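Data block below; observations after.
Here is the structure:
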């Protein structure tokens, strides 16, 4: 569903629902953040990650209640049967940053270093031991990413990355960053491809959310064979095939879906 096809009443209806979603999103964050800051330092990393993931779980439920968006996940691999890998997902919205925290836990995410300096919010991020990069120093950022990423892999954590580097609208493409594939090659760690169509319900950089089913497919691990560019080409091929699992338009749920 596109904005230029909406009537005034539809904009008002979907806009109101989206406003309620963001109201609950922000209020819950304000309430939950002090709890995490107070309890987090006393917990192990695994328990801290679980604690944060409970907020992500609430946001997914709240998204369904306010905006009518549910999730259907298809697993081509049993995640319990494999060791933590490098997860590379397409990037269409803010939805996947939340949802993937539920699927892959505990995980290390990649953040801009300056986010850690934000009072309260940045302190909470530090508790999650993220992989931080300084975008103002691109030459050093790549090296820092590989060093911190290797440490996270050695600690047995999932690494969640979006190789497109920016949110890309459904049907559009963007060149992939090779950093995640270099990390896979350097650490001999398999890559788990993830494809979803979240942008159909949660358009990038848009306020209004649309009701429907977000379909997410978790692919089989890809072995890190060859050079980083070889791994990237294999990933692109698999993602192209997996995109057939995702809907091309937002759909109204006809039956119960699997959401986590």
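Residue numbers (our numbering): 1099 to 1358.
We put the beta carbon where it would ideally sit given N, CA and C, even for glycine.
Note that the structure is predicted; figures quoted are calculated from it, not measured.
Contact check between the stretch 1262 to 1274 and the stretch 1131 to 1142: fewer than three CB pairs, one atom from each, fall below 8 angstroms, which does not count as touching. Bounds of any beta strand (DSSP E) do not take in residue 1134; it lies within the alpha helix (DSSP H) bounded by 1106 to 1137. Within 10 angstroms of the beta-carbon of residue 1207 lie 16 or more other beta-carbons, which makes it buried.
Residue pairing by DSSP leaves residue 1266 without any beta bridge partner. Note that the C-beta distance between residue 1199 and residue 1151 is below 9 angstroms.
Straight-line spacing of the CA atoms in residue 1196 and residue 1154 works out to 6 angstroms.
At a cut-off of 3 residues, the continuous stretches assigned as beta strand (DSSP E) that sit fully inside the stretch 1270 to 1308 are 1289 to 1294. Judged by DSSP secondary structure, residue 1310 falls within the beta strand (DSSP E) whose first and last residues are 1310 to 1316. In the DSSP annotation of this structure, residue 1320 is not part of any beta strand (DSSP E), being labelled neither H nor E.
Between residue 1226 and residue 1147, the C-beta gap is smaller than 9 angstroms, which places the two residues in contact.
Under a 10 Å Cβ-count criterion, residue 1255 is classified as buried, with 16 or more other Cβ atoms of the shown protein chains found around its own Cβ.
In the DSSP assignment, residue 1210 is bridged to 1231. Cβ neighbours of residue 1330 within its own chain (closer than 7 angstroms, five residues either side excluded): 1274, 1276, 1279.
1312 is the residue among 1321, 1334, 1325, 1312 whose C-alpha sits nearest the C-alpha of residue 1191. By the C-beta density criterion, residue 1298 is buried, having at least 16 other C-beta atoms within 10 angstroms. Ranked by how close their Cα comes to the Cα of residue 1260, the residues 1302, 1187, 1301 have 1187 in first place. Taking the Cβ atoms as the reference, residue 1315 lies roughly 14 angstroms from residue 1333, outside the contact range of under 8 angstroms.
Remark: C-beta atoms of residue 1175 and residue 1317 approach each other more closely than 9 angstroms.
Secondary structure note for residue 1190: it is in no alpha helix (DSSP H), with a DSSP letter that is neither H nor E.
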